[in-house]
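Everything in the sequence shown is counted per my numbering, starting at 11 for the first residue and increasing by one.
The beta carbon of each residue, even a glycine, is placed where N, CA and C say it ideally should be.
All values reported here derive from a predicted model rather than from experimental measurement.
Below is one structure, written out as structure tokens, with a few remarks after it.
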Amino acid sequence: MTKTKVQVDTSPPRPRRKRQIHWLPKALKVVFLVVFLGPMLLAVLNAFRYNADIFRYGGTLTWRSFVPFPGTFENFVSAWQLPAFPLQLLNSIVLAVTQSTATVLLALLAAFALARLKFRFRGVIFYGILITMFLPFEALAAPMFLVVKGLGQVDTFWGLLLPWIAAPIAIFTLRQAIADIPPSFDEAVMLDGGGLRHVLMHVILPNVWPAMVTVWLTTFIYVWDSFLWPLIVVHDPAQQLAQVGIINLINPNRIDYGTLFAASLMATAPVVILFLLLQRFYREGSVSSGLK
């Protein structure tokens with residue numbers, strides 16, 4: 011009788027591979043894309059539709075819902091021919107550019123002082139700035155309006171600009187960026203006979219300009235989208251901003267939806283184009299170390 015040897019596998023069992031669901035992350039991305047970009051796409055399509063087509067195809071799911079055919083540019087012409095809308099767009103551009111630039115310059119000087127200069131109550135001032143970041147707009151609107159009214163700046167450009175020109179978040183962001191630069195760079199400039207102006211121009215600025223662009227762009231978007239403060243402090247349509255002007259197009263008796271969508275698209279286009287041009291600097295908002 012022949013004996014047969016049976017080999018027993020004593021190696022540890024192989025772990026069972028878990029099935030990876032590769033499609034789930036992509037599906038979630040598609041869902042979020044539809045949720046966030048769907049209303050914007052709908053607004054763009056309706057801006058090129060006649061009012062009758064907006065009601066006919068706006069709530070259906072046919073190919074006509076996604077293709078504005080027959081399209082029209084009359085809505086944009088009607089929006090541009092509104093009595094004050096072009097001037098309100100110009101007001102928004104001037105205010106956003108002016109306030110963003112002034113905010114960056116003032117915040118840079120304040121951040122430089124808080125990060126580099128040593129003086130009494132520096133910490134108290136810095137934490138005081140941090141506290142104001144957590145105050146809601148509703149808590150500041152009434153006292154700020156009383157100040158603006160007392161200065162006689164209601165219905166003026168300065169009434170829109172001055173109350174929010176020193177943004178705490180801008181000071182905090184640039185202060186943190188400057189604090190990341192090694193102080194040895196300042197000492198090197200001082201040893202060469204330079205002063206604080208040379209430190210600011212040759213050490214701070216070359217290293218924090220990405221953060222400055224980030225603050226500028228963030229402030230621009232915030233000012234461009236502001237609604238409550240212009241609504242409170244400005245009553246003259248010629249001094250008003252585009253966002254408030256668009257809301258005034260909503261008439262309880264009759265709403266021209268085509269013109270409303272076209273005006274909204276015209277008010278959105280500048281900030282979208284600006285963000286696409288500066289998005290690389292917006293992502294980089296950190297400080298690069300080293301002298302340039």
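First through last residue of the alpha helix (DSSP H) which encompasses residue i
i      : result
Pro216 : 215-234
Gln163 : Neither: Gln163 is in no alpha helix (DSSP H) and is coded neither H nor E.
Arg130 : Arg130 -> no alpha helix (DSSP H), and no H or E assigned at all.
Ile103 : 95-126
Val244 : No alpha helix (DSSP H) contains Val244, which DSSP labels as neither H nor E.
Phe65  : 61-67
Thr82  : Looking at the DSSP string, Thr82 is not in any alpha helix (DSSP H), and its letter there is neither H nor E.
Gln249 : Counting along the chain, Gln249 falls outside any alpha helix (DSSP H), and DSSP gives it neither H nor E.
Asp196 : 193-201
Met50  : 33-57
His212 : Neither: His212 is in no alpha helix (DSSP H) and is coded neither H nor E.
Arg185 : 178-189
Phe167 : 167-171
Backbone CA spacing between residue i and residue j [nearest angstrom]
i      : j      : result
Val297 : Leu286 : At Val297, the pLDDT of 41 sits below 50, so the modelled position is not reliable; the number obtained from the coordinates is stated separately. For Val297 and Leu286, the distance between alpha carbons rounds to 21 Å.
Ala57  : Asp196 : 55 Å
Thr224 : Asn263 : 43 Å
Leu105 : Pro96  : 14 Å
Trp226 : Arg66  : 42 Å
His32  : Gln289 : 29 Å
Ile141 : Ala221 : 22 Å
Leu116 : Phe136 : 15 Å
Leu259 : Leu38  : 36 Å
Trp168 : Gln249 : 11 Å
Gln163 : Pro35  : 52 Å
Val128 : Pro192 : Reading off the sequence shown, one finds Lys at residue 128, where the question assumed Val. The straight-line gap from Cα to Cα measures roughly 16 Å.
Gly48  : Thr278 : 15 Å
Thr166 : Leu100 : 14 Å
Lys112 : Phe230 : The sequence given here has Ala at residue 112, not Lys. Looking at the two C-alpha atoms, the distance is approximately 11 Å.
Gly204 : Leu118 : 19 Å
Met2   : Pro178 : Past the edges of the chain, shown from 11 to 302, lies residue 2, and the structure says nothing about it.
Pro173 : Pro78  : 43 Å
His245 : Ala273 : 20 Å
Thr269 : Phe155 : 32 Å
Asp202 : Pro216 : 18 Å
Leu171 : Ile103 : 12 Å
Leu52  : Gly160 : 44 Å
Phe5   : Gly81  : Past the boundaries of the shown model lies residue 5; the chain is included only from 11 to 302, so the question cannot be answered.
Phe147 : Ile139 : 15 Å
Arg59  : Ile257 : 20 Å
Val134 : Val107 : 31 Å
Exposure label - residue i; buried when at least 16 CB within 10 Å
i      : result
Ile188 : buried
Phe271 : buried
Leu145 : exposed
Arg130 : exposed
Asp194 : Rather than Asp, the amino acid found at residue 194 in this sequence is Ser. Exposed, because fewer than 16 other Cβ atoms sit within 10 Å of the Cβ of Ser194.
Arg207 : exposed
Asn261 : exposed
Ile214 : buried
Gly255 : buried
Val45  : exposed
Val114 : buried
Arg132 : exposed
Ile283 : exposed
Cβ distance (whole Å) where residue i is taken to contact residue j below 8 Å
i      : j      : result
Met276 : Phe86  : 7 Å
Ile181 : Ala120 : 5 Å
Asp235 : Gln253 : 7 Å
Val281 : Ser110 : Actually they are not in contact, since the Cβ atoms of Val281 and Ser110 sit about 11 Å apart, beyond 8 Å.
Leu251 : Gln98  : 6 Å
Val199 : Val209 : 5 Å
Val158 : Val243 : 6 Å
Leu43  : Phe76  : With 8 Å as the limit, Leu43 and Phe76 do not qualify as a contact, their Cβ atoms being about 15 Å apart.
Pro247 : Ala94  : 4 Å
Next on the checklist: Under 8 Å: do the segment 239-251 and the segment 146-166 share three or more Cβ pairs, one atom per stretch?
Outcome noted: Contact between the segment 239-251 and the segment 146-166 is present, because at least three Cβ pairs lie under 8 Å.
Checklist entry - With contact counted as at least three CB pairs below 8 Å, one residue from each stretch, are the segment 176-185 and the segment 115-125 in contact? => result Taking a contact to require three or more Cβ pairs closer than 8 Å, the segment 176-185 and the segment 115-125 qualify as touching.
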